[in-house]
Each structure stands twice: as C-alpha cells, then as structure tokens.
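K.L.:
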Amino acid sequence: MKILAAIDQSTYAEKVLAKAIDLAKREEVELTILSVVEPNFADAAEIGAQQVIFEQFRKNAENLVNQAQQKAKNQGVAAKTLVLEGTSVASRIVQHAEQHGVDLIIMGHKGRSAIERFLVGSVASRVVAYAPCSVLVVR
1 MKILAAIDQS
11 TYAEKVLAKA
21 IDLAKREEVE
31 LTILSVVEPN
41 FADAAEIGAQ
51 QVIFEQFRKN
61 AENLVNQAQQ
71 KAKNQGVAAK
81 TLVLEGTSVA
91 SRIVQHAEQH
101 GVDLIIMGHK
111 GRSAIERFLV
121 GSVASRVVAY
131 APCSVLVVR
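Taking UniProt numbering as reference, the numbering of the sequence shown is continuous, increasing by one, and the terminal residue is 139.
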C-alpha cells in the first residue's frame, strides 16, 4: 500500500503525520511525506527578491519534510520525502498520486471562513474531488 502524507506549515501537519505513522505501523506501507511550495510572487514583487523568497519557501518545506521523516524513523517507520512546486497545491498532490499509484492520501483540513471557501475552495475539498484514490482528511 502506498500512502502519501501531504503536510504544510499548518497545525494539522503533526496530526497528519501521526495518522500516517500509525497506519504504517499496522501494515506494510510505502510512506511518502510531501509538501508543495507555492510561489507567492505578489509578496516577492514588493520586496524585489522573488527568487530569494521562493528559495526560502522551498528550504522551509524541505526542513519540514525532513523533520517529519525523522519523526517517522524514530517510531520505526521508513519514509521518503518530496517537495514539489506549483501554483495549485491540490493539483500537484493529485498529479503525484496519479503518477505514482498512491492508494491513500492523508492531509489536514484547514479552517477557512465560509466566504473564503466560497471564493477559493479548500485544498482538501479539491483533492477529495479529484484524487484517484481514497483521501483521509484529518481534523
């Protein structure tokens, strides 16, 4: 079974990782811990350092998945890490799941206001709608 644990800097990352590790301990699982970096060029343009800021985002994401990998290892679970780039986090998660035959995506639910959900939707709802596999949304 292939599990993809999609994490970010939110408070849900720890819960997502804990659930992925718990499932990996129960049965033989190939666990990948994924984070997607979204370029935020609106902020970067103001500062005039787009590439520097994007590289910092990427470095933060790499640190995040590496720390998660170490936590999994400390609990006896081997995990691969991956940082992807893209303007749509949901699309990148779904693409990776499709291309690599993922059986289960585990991700967090981000609390947004009703108006934000109406205007832009949520990453979790888009992944649930388009994923080629089951999706476990952790609250």
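Backbone N, C-alpha and C define an ideal beta-carbon position, used for all residues, glycine too.
In the DSSP assignment, find the unbroken alpha helix (DSSP H) run with Glu55 in it and report its ends.
P.N.:
50-74
K.L.:
Can you tell me the Cα-Cα spacing of Met107 and Ala124, whole angstroms?
P.N.:
7 Å
K.L.:
Would you kindly work out how many angstroms separate the C-alpha atoms of Val29 and Met1, rounded to a whole number?
P.N.:
Looking at the two C-alpha atoms, the distance is approximately 5 Å.
K.L.:
Less than 7 Å separating the beta-carbons of Val138 and Val52?
P.N.:
no
K.L.:
Between Leu84 and Val36, how many whole angstroms is the CB-CB distance? I'm expecting something under 8 Å.
P.N.:
5 Å
K.L.:
Using the C-alpha atoms, what's the distance from Ala68 back to Asn74?
P.N.:
10 Å
K.L.:
How about Ala131 and Val94: do their beta carbons lie closer than 7 Å?
P.N.:
Note that the C-beta distance between Ala131 and Val94 is below 7 Å.
K.L.:
Can you check whether the CB of Lys71 is closer than 7 Å to the CB of Thr32?
P.N.:
no
K.L.:
Going by C-alpha to C-alpha distance, which of Val127, Glu55, Lys110, Thr87 sits closest to Val102?
P.N.:
Val127
K.L.:
Note down, in chain order, each residue of its chain lying with its Cβ closer than 6 Å to the Cβ of Glu98, except the 5 sequence neighbours on either side.
P.N.:
Pro132
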